[in-house]
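There are 2 protein chains.
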Amino acid sequence: MTSPMASWLAREIASQPALIEELLAREIPHIAEIVARLPAFSYIVIAARGSSDHAATYAVYTWAALAGWPVALAAPSLYTLYETPPRLDGALVVGISQSGQSPDIVAVVSEARRQGRPTLAITNDRNSPLGNTADEVVELGVGIEQSVAATKTYLAQLAVIAIFAAAWSGSTERLADLRAVPAALNATLQGTSDITARIQRYRDVAGFTVIGRGFNYATAFELALKLKELTSIQAIAYSSADFRHGPVATISNGSPVILVMPRGAAYADMYELALGLRQREADLLVISDVPEGLALATTPLPLAVAAPEWLSPLTTILPGQKLALQLTLARGMNPDAPRGLQKVTRTL
Amino acid sequence: MTSPMASWLAREIASQPALIEELLAREIPHIAEIVARLPAFSYIVIAARGSSDHAATYAVYTWAALAGWPVALAAPSLYTLYETPPRLDGALVVGISQSGQSPDIVAVVSEARRQGRPTLAITNDRNSPLGNTADEVVELGVGIEQSVAATKTYLAQLAVIAIFAAAWSGSTERLADLRAVPAALNATLQGTSDITARIQRYRDVAGFTVIGRGFNYATAFELALKLKELTSIQAIAYSSADFRHGPVATISNGSPVILVMPRGAAYADMYELALGLRQREADLLVISDVPEGLALATTPLPLAVAAPEWLSPLTTILPGQKLALQLTLARGMNPDAPRGLQKVTRTL
């Protein structure tokens, strides 16, 4: 429930369950057709920036784990600044961009076409330069995003990636998992409705560390970006594995650390990390559906339902979006006008 | 020149020019042989963690720009935690690990062998599990690294990657560029010999932002990791392109930002970013050989020589290593015993 005076950001966060339900109904059959007619390829290259790049990170795990595809993230500078695009033999090339406007993402897809490779665009505007360049286009169809910080377009990108994974896997069970997502999103949003009082303690912190692993590596990056964009507080994301290779040195008494640790194969490793961080007296914020994990938190951010791990990034980002929104308000800032940002970022 | 009482870290930083000279003499002919006998492949997958992962990021740019290979960074969790390794048809699979001990890196290379793909290890210990798993092994040969923070092994990994790029390019000019590196390293170290007085102002900052692009994207990540490991100060790395997609919101009056901007194709974009950061009154530390770029800095960190851009990451990291070392000493900390770190990190 959002009031008529609520920010665009609050309204767009609240709109997500219904939008994802519509997207699934529209795109499950459409993406099945695309998958059936795509020519042969042996690996996938994705070009994306910002939140779309975090969606691409979700694809790295999901398209490999469910469908066996190795995924490379393109370095767009190779196609633009350096004018040394690699040979793309064997690749399916995917561009992900909310606006479809970023020239560097278009350049990667355009070069792939020039080399005769199959191309796919995932965008909220099929009439954009990106939409007009790719062979196949999946439109997010979630309406214009008024808030500068991406929320509904990020979630819609994850949903499109999840549909491709299910389609490539050929598993009816995966499709059934997908169809349960809107109800899970609704329940999760309900369950995180009031965190205002509990997050006041973080209003003036110097920075957050955000950690996730595997499918939720993407969630850690996206949540860190929301915190930076909206609150101007520094936030840095890691996988639990990389975190132990050095960055753990930055954590001391009282450092706020957000752990994304829903149930699944990555949970045990995250739980062990949480225990170690407690010994360093870090201030833990835990996003999880597991009571034992939540019990380690200074600030538990419970997930009301348990999703299959491969779909959990669609639910785990929701308490993160709420946290960033509430912290922005607690700091007296306007969530619809982040400092020094524009909606469309055109990088070459 | 380092005193007998200097830290291992200081001695290992100083040892790099001679070690890289020996490495080039030893490995240029050896890597030419490996390149000649490798079976056909159409893209490259690299598995690495920590500083080795930053070397892998250098390979993403260098192996594409000089030799046309698309490079994917493996997500090791797919091979270990999730037990869902992708199909590696068409891939050359490379493991990079200083110790050669990390089970997840070994798991990726081992799976590639199981699938009949060619494999390569880049390690400082050919008798390690990684060295024993790969078909081809390039040993860094720089001696045991006593300091917990990687310096000479990181630089040696970059040198090995650069030799592969030159060998694949078939260009004698590239080989000549490479042979000039040890002299450039020497001159660069000489030119950064005393920054102690100038870096006192950063002794108690809350965090650094470090930005590089293209070939020096890797440098930004490696420098940020050195600062975190050694000084326990938060440090976060971006490409200039990603930085504009949100994180710029975290920069305000006095925020220290380190810009890695040697001459080359990425320079103009970095210079434009530097101008914008000056308007926000950020405190700029600039690593560059271009006087115009250095003139924008609060703290210029000049490079004494201009390297070809593809080799510049071997020189640009040196003022970064010195900065991290001197800041560690200025904070009264021991550079050889970073807080809570071990030399070998074993992640699954």
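Which chain is which? The protein sequence lines are X and Z, in order.
Every position in the first sequence, counted from 1, becomes a number in our numbering once 492 is added.
Every position in the second sequence, counted from 1, becomes a number in our numbering once 492 is added.
Glycine residues also receive a C-beta, built at the ideal position from the N, C-alpha and C atoms.
Just so you know, these numbers come straight off a predicted model, no measurement behind them.
Alpha helix (DSSP H) segment containing residue i, residue limits
i, result
"residue 707 of chain X", "Run containing residue 707 of chain X: none; DSSP gives neither H nor E here."
"residue 732 of chain Z", "732-736"
"residue 600 of chain X", "595-606"
"residue 761 of chain Z", "759-771"
"residue 667 of chain Z", "664-671"
"residue 511 of chain X", "500-529"
"residue 649 of chain X", "644-661"
"residue 619 of chain X", "Here residue 619 of chain X belongs to no alpha helix (DSSP H), and DSSP marks it neither H nor E."
"residue 550 of chain Z", "543-559"
"residue 573 of chain X", "Careful: residue 573 of chain X lies outside any alpha helix (DSSP H) and carries neither H nor E."
Alpha carbon of residue i to alpha carbon of residue j, nearest angstrom
i, j, result
"residue 733 of chain X", "residue 703 of chain X", "10 Å"
"residue 675 of chain Z", "residue 807 of chain Z", "10 Å"
"residue 550 of chain X", "residue 535 of chain X", "16 Å"
"residue 593 of chain Z", "residue 544 of chain Z", "13 Å"
"residue 773 of chain Z", "residue 743 of chain Z", "9 Å"
"residue 493 of chain X", "residue 515 of chain X", "The predicted position of residue 493 of chain X is uncertain, since its pLDDT is 46 and thus under 50; no value can be drawn from it."
"residue 792 of chain Z", "residue 701 of chain Z", "16 Å"
"residue 765 of chain Z", "residue 529 of chain X", "43 Å"
"residue 796 of chain X", "residue 692 of chain Z", "49 Å"
"residue 672 of chain X", "residue 667 of chain Z", "57 Å"
"residue 556 of chain Z", "residue 686 of chain X", "49 Å"
"residue 801 of chain Z", "residue 577 of chain X", "17 Å"
"residue 480 of chain Z", "residue 547 of chain X", "This structure cannot speak to residue 480 of chain Z, because chain Z is shown only from 493 to 840."
"residue 736 of chain X", "residue 640 of chain Z", "13 Å"
"residue 511 of chain X", "residue 503 of chain X", "12 Å"
"residue 824 of chain Z", "residue 553 of chain Z", "37 Å"
Continuous beta strand (DSSP E) stretch holding residue i: start and end
i, result
"residue 630 of chain X", "628-631"
"residue 792 of chain X", "791-794"
"residue 775 of chain Z", "775-780"
"residue 804 of chain X", "Looking at the DSSP string, residue 804 of chain X is not in any beta strand (DSSP E); the run it does join, the alpha helix (DSSP H), is 804-822."
"residue 536 of chain X", "535-539"
"residue 750 of chain Z", "748-752"
"residue 583 of chain Z", "583-589"
"residue 614 of chain Z", "611-615"
"residue 563 of chain X", "563-565"
Sequence-distant residues of the same chain with beta carbon closer than 6 Å to residue i, five excluded per side
i, result
"residue 471 of chain X", "Since the first residue of chain X shown is 493 and the last is 840, residue 471 of chain X is not available in this structure."
"residue 746 of chain Z", "775"
"residue 731 of chain Z", "705, 709"
"residue 589 of chain Z", "544, 597, 615, 622"
"residue 607 of chain Z", "580"
Within chain Z, partners of residue i - CB distance below 8 Å
i, result
"residue 662 of chain X", "Near residue 662 of chain X there are no residues of chain Z at all, since even the closest Cβ is about 15 Å away, more than 8 Å."
"residue 638 of chain X", "Per Cβ cutoff of 8 Å: no residues; residue 638 of chain X is ~17 Å from chain Z at best."
"residue 596 of chain X", "733"
beta-carbon residue i near the ligand ADP non-hydrogen atom, thresh 8 Å
i, result
"residue 531 of chain Z", "As far as ligands go, the structure on display features none, and thus does not contain the ligand ADP."
Residue i: contacting residues in chain Z (beta-carbon distance under 9 Å)
i, result
"residue 535 of chain X", "534, 535, 537, 562, 564, 578, 579, 580, 581, 582, 583"
Own chain partners of residue i with C-beta closer than 8 Å, once the 5 adjacent residues on each side are dropped
i, result
"residue 587 of chain X", "538, 539, 540, 597, 598, 600, 601, 611, 612, 613, 614, 615, 622, 625, 626"
"residue 826 of chain Z", "499, 820"
"residue 828 of chain X", "499, 500, 501, 638, 639, 640"
Contact list for residue i against chain X, beta-carbon separation under 7 Å
i, result
"residue 706 of chain Z", "569, 573, 574"
"residue 830 of chain Z", "741"
"residue 514 of chain Z", "Result: empty, since nearest Cβ-Cβ is about 27 Å, beyond 7 Å."
"residue 721 of chain Z", "738, 741"
"residue 819 of chain Z", "Result: empty, since nearest Cβ-Cβ is about 13 Å, beyond 7 Å."
"residue 541 of chain Z", "733, 734, 737"
Under 8 Å from the C-beta of residue i: neighbouring residues of chain X
i, result
"residue 728 of chain Z", "726, 728"
"residue 699 of chain Z", "698, 699, 726"
"residue 657 of chain Z", "Those do not exist, as residue 657 of chain Z stays about 11 Å from chain X at its closest Cβ, beyond 8 Å."
Proximal residues of chain Z, C-beta to C-beta of residue i below 7 Å
i, result
"residue 757 of chain X", "573, 574"
"residue 787 of chain X", "The contacting residues do not exist; residue 787 of chain X stays about 23 Å from chain Z at best."
Neighbour list for residue i in chain X, Cβ cutoff strictly below 9 Å
i, result
"residue 630 of chain Z", "Within chain X, no residue comes near residue 630 of chain Z; the closest Cβ sits about 21 Å away, beyond 9 Å."
"residue 552 of chain Z", "564, 565, 567, 570"
Contacting residues, own chain, Cβ-Cβ under 7 Å from residue i (five flanking each side not counted)
i, result
"residue 509 of chain Z", "674, 677, 678, 681"
"residue 458 of chain Z", "Lying outside 493 to 840, the shown extent of chain Z, residue 458 of chain Z is not represented and no answer is given."
"residue 789 of chain X", "776, 777, 778"
Within chain A, the residues that residue i reaches when beta carbons sit closer than 9 Å
i, result
"residue 717 of chain Z", "No chain A is present in this structure, whose protein chains are X and Z."
If you pair each beta-carbon of the region 683-701 of chain Z with each one of the region 619-627 of chain Z, do three or more pairs fall below 8 Å? no
Would you be able to state if there are at least three C-beta pairs under 8 Å between the region 816-832 of chain Z and the region 719-730 of chain Z? yes
Counting pairs of beta carbons, one from the region 573-591 of chain Z and one from the region 677-692 of chain Z, are three or more of them closer than 8 Å? The region 573-591 of chain Z makes no contact with the region 677-692 of chain Z; the number of CB pairs closer than 8 Å stays below 3.
Meets three-Cβ-pair contact criterion under 8 Å: the region 753-760 of chain Z and the region 640-655 of chain Z: no
Does the region 594-613 of chain Z come close enough to the region 660-668 of chain Z that 3 or more CB-CB pairs lie under 8 Å? Contact fails: fewer than three Cβ-Cβ distances are below 8 Å.
Indicate whether the contact test is met: 3 or more Cβ pairs, each with one atom in the region 559-568 of chain Z and one in the region 520-540 of chain Z, closer than 8 Å. yes
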